[in-house]
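To keep things clear, I will list the structure first and then write my remarks on it.
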Ligand SMILES: [Zn+2]
Ligand SMILES: [Zn+2]
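Residue numbers (the numbering used here): 253 to 593.
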């Protein structure tokens, strides 16, 4: 589940053509995917935001399975070949699929195909075809047929998952860049990023730009300025936020446009002077180091509630064998900092 969830009141997204196409898809898939469609409706997903919705809905239902499944090269190959052979139109025969994927070991091929069968792929007497979520995700990754907006498939991201130490992958779908763990499915960060930012950038450069962009949005909001409309933002600590894995989170709400932004407590410290100094004295520049590489930015593992009323939380930020402790109040203002003994 995303630690970073932007819930703007009025999302500019959804272009007319994308919406139309999504509806067509939904109608075509209605007969064989009623269950998924229902699930999507129940989780409050708008049809107009179909692609992101498909990913988010699945990540809500089966996060670990979905991302672990897609993080394997052979399985991604199988999905790509299914798409190339038209499995969204009619079933693809096993022999055609096996031949085209080009794996020597049929037992290994069978194993990976089995992992896909069920959630992504449906098996019938005539062969293999996509199930609704499979088609949504796969066509988004490989062809961009769902919308003609930019799509960047899975690419490796440096660092490792804060939760399981697994490899990170990034993907850009429907104007949103996401970094998630290929092993356990944990999303480290997912945030809208304008597609113009993809132009003339390698994926490393893209990640660096994304880091700056997201970090500045959070810091801007924490400084009381709405990233959407520059209106006045109120920032508060929220205990046990809904639909989040966090015990405590930060919520920014714009009094002018009602824009809402929620984050970990840690991420608001990225432009705090003493935090910056603590890290820079130990050779780490928080201006440039991707923030999703710090567990205190993307989880609440290093966040402790030290007082409930008034609400006070303490963050323990480790670096190079030392630890900086920062206590913030209910308005997320820093009250005290100290080096752990
Ligand atoms: Zn992981
Ligand atoms: Zn605003």
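Where is the CB? At the ideal position from N, CA and C, for every residue including glycine.
Residue pairing for residue 439: DSSP places it in a beta bridge opposite 432. Under the rule that a run must span 3 or more residues, the beta strand (DSSP E) segments found entirely inside the region 507 to 580 read 512 to 515, 555 to 560, 563 to 571 and 574 to 580. Taken atom to atom, the span from the alpha-carbon of residue 369 to that of residue 433 is near 22 Å. Each residue's CA atom was taken as its position, placing residue 576 and residue 532 some 12 Å apart.
Comparing alpha-carbon positions, the option among 446, 419, 438 and 413 lying closest to residue 429 turns out to be 446.
In its chain, beyond the 5 residues on either side, 358 and 361 have a beta carbon closer than 8 Å to the beta carbon of residue 350. The alpha carbon of residue 499 has as its nearest neighbour, out of 546, 558 and 485, the alpha carbon of 558. The C-beta separation of residue 454 from residue 422 comes to about 12 Å, leaving the pair out of contact by the 8 Å criterion. Residue 321 has its Cβ no nearer than 7 Å to any heavy atom of ligand 1. By the C-beta density criterion, residue 386 is buried, having at least 16 other C-beta atoms within 10 angstroms. Residue 488 counts as exposed, since fewer than 16 other C-beta atoms from the protein chains shown sit within 10 angstroms of its C-beta.
Relative to the Cα of residue 374, the nearest Cα in the group 541, 511, 478 and 339 belongs to 339. Residue 433 has its Cβ nearer than 7 Å to a heavy atom of ligand 1. At a cut-off of 7 Å, the beta-carbon of residue 455 does not count as near ligand 1: no heavy atom of the ligand is closer than that. Remark: the C-beta of residue 480 is in contact range of ligand 2, defined as less than 7 Å to any heavy atom. Here the alpha carbon of residue 587 sits roughly 52 Å from the alpha carbon of residue 329. Across the structure, residue 435 and residue 420 are spaced so that their CA atoms are roughly 8 Å apart. With a cut-off of 7 Å, the C-beta of residue 549 is classified as distant from ligand 1, since no heavy atom of the ligand falls inside that distance.
In this chain, the alpha helix (DSSP H) harbouring residue 358 covers 358 to 368. DSSP, reduced to helix, strand and coil, places residue 445 outside both helices and strands of the structure shown, so it counts as coil. With contacts defined as CB atoms closer than 8 Å, residue 475 and residue 516 fail to qualify as a contacting pair.
The C-alpha of residue 406 is placed about 39 Å away from the C-alpha of residue 581.
Annotation for residue 416 indicates a beta carbon at 7 Å or more from all heavy atoms of ligand 2.
Contact between residue 506 and residue 481 is confirmed by a C-beta separation of about 6 Å, below the 8 Å threshold.
DSSP places residue 470 inside the alpha helix (DSSP H), whose first and last residues are 455 to 474. Looking at the DSSP output, residue 409 sits in a beta bridge with 420. 522 is the residue among 491, 579, 522 and 529 whose C-alpha sits nearest the C-alpha of residue 546.
Within 7 Å of the C-beta of residue 438 there is at least one heavy atom belonging to ligand 1. Residue pairing from DSSP leaves residue 371 without any beta-bridge partner. Residue 490 is not a Cβ neighbour of residue 527, given a cutoff of 8 Å. In terms of CA proximity to residue 444, 463 leads the group 457, 463 and 438.
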